[in-house]
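Q:
2 protein chains.
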Amino acid sequence: MTKCAVCTASFGEGDYDGLSQHFVGQAEKSDPAHVMWLNKNITKKKCDVQTLSKNLKTHFDFRDEGLKGWMKRRFIERFYREKPHPFVLALQHPSKATLLGYVVEHQHFLRQWVRSCAYVVAKTDRVDVTLYELDNINTEFGGLGPDRPSHYELLLRMGESLGVPREQALRTPPLPDTAWAIRTWNEIGESSHWLETMAAMHPLELIANRNLKQDGATVGYFDPTILTGTEVTEATKNFLREGYEADVQHSEEAMDLIEKYSTGLGRAEDVQATFMKSIDAFDRYLMARLERGKEFESA
Amino acid sequence: MTKCAVCTASFGEGDYDGLSQHFVGQAEKSDPAHVMWLNKNITKKKCDVQTLSKNLKTHFDFRDEGLKGWMKRRFIERFYREKPHPFVLALQHPSKATLLGYVVEHQHFLRQWVRSCAYVVAKTDRVDVTLYELDNINTEFGGLGPDRPSHYELLLRMGESLGVPREQALRTPPLPDTAWAIRTWNEIGESSHWLETMAAMHPLELIANRNLKQDGATVGYFDPTILTGTEVTEATKNFLREGYEADVQHSEEAMDLIEKYSTGLGRAEDVQATFMKSIDAFDRYLMARLERGKEFESA
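So the protein sequences, as listed, match chains A and B.
Under this note's numbering, the first residue of the first sequence is numbered 1, with each subsequent residue one higher.
Under this note's numbering, the first residue of the second sequence is numbered 300, with each subsequent residue one higher.
(1) Considering N338 of chain B, what are the terminal residues of the alpha helix (DSSP H) in which it resides?
(2) With DSSP as the reference, identify every bridge partner of T524 of chain B, one or two as the case may be.
(3) Report the neighbours of Y418 of chain B on chain A: residues whose CB is nearer than 7 Å to its CB, in chain order.
(4) Since I436 of chain B meets chain A, which of its residues come closer than 7 Å, beta carbon to beta carbon?
(5) Shortest alpha-carbon distance to G317 of chain B belongs to which of B:D476, B:N435, B:W484, B:K353?
(6) Just by C-beta distance, which residues in the stretch 178–190 of chain A are closer than 7 Å to chain B?
(7) Quick check: the Cα distance between N508 of chain B and L265 of chain A, rounded to an integer number of angstroms?
(8) Using a C-beta to C-beta distance shorter than 9 Å, which residues of chain A count as neighbours of T471 of chain B?
(9) Would you mind reading off the limits of the alpha helix (DSSP H) that contains A217 of chain A?
(10) Give the residues from the stretch 395–417 of chain B that approach chain A closer than 7 Å (Cβ to any Cβ), ordered along the chain.
(11) Are there 16 or more other CB atoms within 10 angstroms of the CB of N435 of chain B, so buried, or fewer, so exposed?
(12) Identify whether T532 of chain B lies in helix, strand or coil by the three-state DSSP scheme.
(13) List the residues of chain A that L318 of chain B touches, going by C-beta distances under 8 Å, in chain order.
(14) Specify the secondary structure class of S161 of chain A as computed by DSSP and reduced to three states.
(15) So if I threshold CB-CB distances at 8 Å, which residues from the stretch 438–464 of chain B count as touching chain A?
(16) Whole angstroms is fine: what's the gap from V334 of chain B's alpha carbon to L461 of chain B's?
(17) With 16 other CB atoms within 10 Å as the buried threshold, where does R566 of chain B fall?
(18) Alpha carbons only, please: which of B:N537, B:D522, B:F322, B:V463 is nearest the one belonging to P448 of chain B?
(19) If we require 4 or more residues per run, which alpha helix (DSSP H) segments fall completely within the stretch 83–136 of chain A?
(20) Classify L561 of chain B as buried or exposed, calling it buried when 16 or more other Cβ atoms lie within 10 Å of its own Cβ.
(21) What in chain B is Cβ-close to T236 of chain A, meaning under 9 Å?
(22) Would you kindly check if the distance between the Cβ of A396 of chain B and the Cβ of E596 of chain B is under 7 Å?
(23) Less than 7 Å between the C-beta atoms of L206 of chain A and F75 of chain A, yes or no?
(24) Where does F239 of chain A fall in DSSP's three states?
(25) Applying a beta-carbon distance threshold of less than 7 Å, which residues of chain B neighbour L131 of chain A?
(26) Can you find the residues in the same chain that come closer than 6 Å, C-beta to C-beta, to W493 of chain B, ignoring five residues on each side of it along the sequence?
(27) Is the separation between the beta-carbon of G293 of chain A and that of G159 of chain A shorter than 7 Å?
(28) Can you tell me whether S491 of chain B is helix, strand or coil according to DSSP?
(29) I'd like the span of the alpha helix (DSSP H) that includes I279 of chain A, first residue to last.
(30) For K302 of chain B, write down the residues that DSSP places opposite it in a beta bridge.
(31) Taking only the alpha-carbon atoms, compute the straight-line gap between F408 of chain B and K57 of chain A and give it to the nearest angstrom.
(32) Helix, strand or coil for P472 of chain B? Go by DSSP, reduced to three states.
(33) With a threshold of 6 Å on Cβ separation, who are the neighbours of L503 of chain B within its own chain once the five nearest residues in sequence on each side are excluded?
(34) DSSP on F440 of chain B, reduced to helix/strand/coil?
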């Protein structure tokens with residue numbers, strides 16, 4: 001099935017003409033979400049249904065690189081090319097305010113993370129997927145005993161090292177954009193196939209994948225020299241290092257599973273649309289981290 | 300809300316008159332599932348709406364013992380009183396056939412177990428519930444490293460020690476009664492509140508709770524002398540011992556959580572109906588273990 005990456009409209013498999021007509025129709029009504037999606041992903045120029053259909057088909061074509069390669073390429077394009085995402089730029093040598101914005105919003109993200117992964121476990125019938133998700137949930141949220149605190153715990157410790165007690169972080173509700181993004185991911189978990197939920201979540205771990213430069217990223221998630229210097233607290237290093245190391249394997253392994261099962265189950269196009277929807281949500285969520293950071297600048 | 304423990308009918312909170320009318324109506328139509336439920340749980344005698352309403356109210360009354368005490372009492376009544384469940388009787392000193400029936404059907408149960416617990420994780424907003432479920436899933440299915448194999452792994456090893464390779468066990472589809480019970484639990488996970496899913500699954504771990512005799516059980520899950528003698532294989536002892544030890548804490552802790560949140564969230568009656576529905580499914584599933592065991596008797 002071909003699905004719209006903005007709303008819930010869906011079309012027959014490979015029906016890019018239908019998808020194109022849908023986008024042109026929405027653009028004629030000046031629907032801001034559809035227009036923005038076209039501007040960001042396809043073209044800023046007005047074009048006819050036939051041209052757009054061709055462009056959409058090209059956008060979603062993954063024959064040469066495989067589904068995993070396609071997801072990586074689209075992710076890098078969005079967050080790591082000529083204009084890296086503003087949050088990534090801020091994290092190169094992060095201010096205390098940027099890191100605290102990260103802490104306060106990201107605790108909400110990680111709570112949703114465990115819920116989304118749990119939806120995959122609840123719905124999948126593949127044991128390798130179940131075991132992958134359990135390992136991921138344990139690393140991110142459950143922890144693996146006193147010597148291996150979860151990313152969630154390391155995040156809260158980073159906040160404490162910067163002067164924000166965990167109680168304060170935990171009782172701060174998410175900003176509206178974070179809440180919106182979380183709702184998007186939760187709805188995907190609730191109502192979509194488990195492969196789409198996987199595709200919505202795990203490629204996001206690419207954000208901290210230190211190997212992304214090999215695939216064309218112009219910068220890393222942060223300048224790795226901060227892990228050895230004294231410009232950030234030890235707890236900050238511990239948090240950033242964990243992501244830097246764990247997320248390489250996490251995102252690669254998950255995308256292998258997505259690729260392995262998507263084609264066999266005839267779900268590649270659904271997966272692609274949901275992936276695109278999710279990176280839009282992630283983009284907005286990363287902006288919310290910066291917005292929250294501003295509150296700490298004046299403090 | 301008061302719900303029927305057999306079908307999807309529901310009534311206002313505490314509306315046992317409504318529930319009673321529903322049961323009488325179903326009994327007049329001779330609906331076998333409703334009649335059997337009344338026979339098993341309330342009375343084998345025909346009675347009027349008013350008397351039945353009073354009896355139903357008494358059946359679900361947990362004011363004196365709390366919700367946890369009520370679930371324990373009902374569970375013991377069903378599986379452990381005058382007439383213990385036939386599978387429990389067979390497990391006192393189990394034959395090889397009984398144990399192999401256990402292996403083949405229970406692998407399917409444990410696959411559903413992890414899915415049901417994952418539904419709780421996906422839906423709950425309480426961190427203590429999330430952490431409880433993660434620990435439970437790891438123990439039952441994920442395992443905790445090479446020194447702490449999961450119950451699922453121990454089950455398959457028991458099968459191997461009795462001459463059934465894991466590939467054979469894994470490729471054997473469930474018997475119809477097991478499949479039906481699994482569907483019941485999966486539907487609860489999919490469509491019910493997370494508290495009901497907890498109440499559907501975790502009290503079932505009472506089956507192996509070695510402390511149940513203190514609460515009125517007439518026998519244990521098996522005769523504990525088999526753990527020290529030579530009548531069963533070492534792998535069988537390892538499997539049975541795990542349940543014997545882990546399930547005490549699992550079931551107690553889960554029922555504490557269910558009790559803690561049910562009343563506050565106004566869900567005690569839903570929880571009770573779903574618990575009753577689940578022990579019916581469990582009863583039938585335990586019979587399926589015996590049925591499968593018979594296939595191995597002639598082998």
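No residue lacks a Cβ here, since even glycine has one placed at the ideal position from N, Cα and C.
Please read these numbers as outputs of a predicted model, since none were measured by experiment.
A: The short version:
(1) 331–340
(2) T524 of chain B is not bridged to any residue.
(3) A122
(4) L134
(5) Of the candidates B:D476, B:N435, B:W484, B:K353, the one whose C-alpha sits nearest the C-alpha of G317 of chain B is B:K353.
(6) So the close ones are G189.
(7) Spanning the two alpha carbons is a distance of roughly 41 Å.
(8) Chain A residues near T471 of chain B: none, gap ~15 Å exceeds 9 Å.
(9) From DSSP, A217 of chain A is part of no alpha helix (DSSP H); its letter is neither H nor E.
(10) V413, R414, A417
(11) buried
(12) coil
(13) Result: empty, since nearest Cβ-Cβ is about 30 Å, beyond 8 Å.
(14) helix
(15) F440, G441
(16) Going from the Cα of V334 of chain B to the Cα of L461 of chain B covers about 41 Å.
(17) buried
(18) When each option's Cα is compared against that of P448 of chain B, the closest is B:N537.
(19) Secondary structure remark: continuous alpha helix (DSSP H) runs of at least 4 residues inside the stretch 83–136 of chain A, in chain order: 86–91, 96–123.
(20) Position check: residue 561 of chain B holds Ser in this sequence, whereas Leu was assumed. Buried, since its Cβ has 16 or more Cβ neighbours within 10 Å.
(21) None at all; the shortest Cβ gap to chain B is about 23 Å.
(22) Note that the C-beta distance between E596 of chain B and A396 of chain B is below 7 Å.
(23) yes
(24) helix
(25) G441
(26) V419, K422, T423
(27) no
(28) Of the three classes helix, strand and coil, the one that applies to S491 of chain B here is coil, per DSSP.
(29) 268–297
(30) B:S309
(31) 44 Å
(32) coil
(33) F581
(34) Correct three-state label for F440 of chain B: helix.
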